[in-house]
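Quick notes on the structure that follows.
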Amino acid sequence: VQLQASGGGLAQDGGSLRLSCAASGSIGSIYVMGWYRQAPGRQRELVAGITSSGGTTYADSVKGRFTISRDNAKTTLYLQMNSLKPEDTAVYYCKISVLVTGWGDYWGQGTQVTVSS
21 VQLQASGGGL AQDGGSLRLS CAASGSIGSI YVMGWYRQAP GRQRELVAGI
71 TSSGGTTYAD SVKGRFTISR DNAKTTLYLQ MNSLKPEDTA VYYCKISVLV
121 TGWGDYWGQG TQVTVSS
């Protein structure tokens, strides 16, 4: 499985950005996809996740501002980020965990999101 993230960039405080993550390879029917972020000097943290059944979860810091979704072909993961804040500045990574004989994790390359005040 390979993941290719895109859509990062520079936004102003209160602005919006949309991240995309294109998946290729054999994903199967049971999986979890998510967006993580890592700011300088901080640990990587979960931003939002979505399961193969459509369940979603969000970090408290982004609830009501960010929306995770995927296309019906489950090949692309999205993160719509609204009302951006300077503290959202980080490198954002997409990840997929797929269940084959066991769980396997795959990461995309990071995409930089910078929010200016």
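The numbering used here puts the sequence shown at residues 21 to 137. Backbone N, C-alpha and C fix where the C-beta goes; we use that ideal spot for every residue, glycine too. Here the structure is a predicted model, which is why all the values come from computation and not from measurement.
Looking at the strands, I want to know which residues DSSP matches up with Gly-29. Val-133
What residue range is occupied by the uninterrupted beta strand (DSSP E) comprising Ala-43? 37-44
What do you reckon, are the CB atoms on Trp-55 and Leu-104 nearer than 9 Å? no
Three-state secondary structure (DSSP) of Asp-91: coil
Between Gly-27, Thr-109, Gly-75 and Val-82, which has its C-alpha nearest Val-62's C-alpha? The amino acid at residue 62 is misidentified as Val; the sequence shows Arg. Among Gly-27, Thr-109, Gly-75 and Val-82, the Cα nearest to that of Arg-62 belongs to Thr-109.
Cα-Cα, which of Val-118, Ser-136, Gly-122 and Val-135 is closest to Gly-45? Val-118
So, helix, strand or coil for Ser-81, using DSSP? helix
Quick one: measure Cβ to Cβ for Leu-23 and Gly-128, integer angstroms, because I've assumed they're closer than 8 Å. 3 Å
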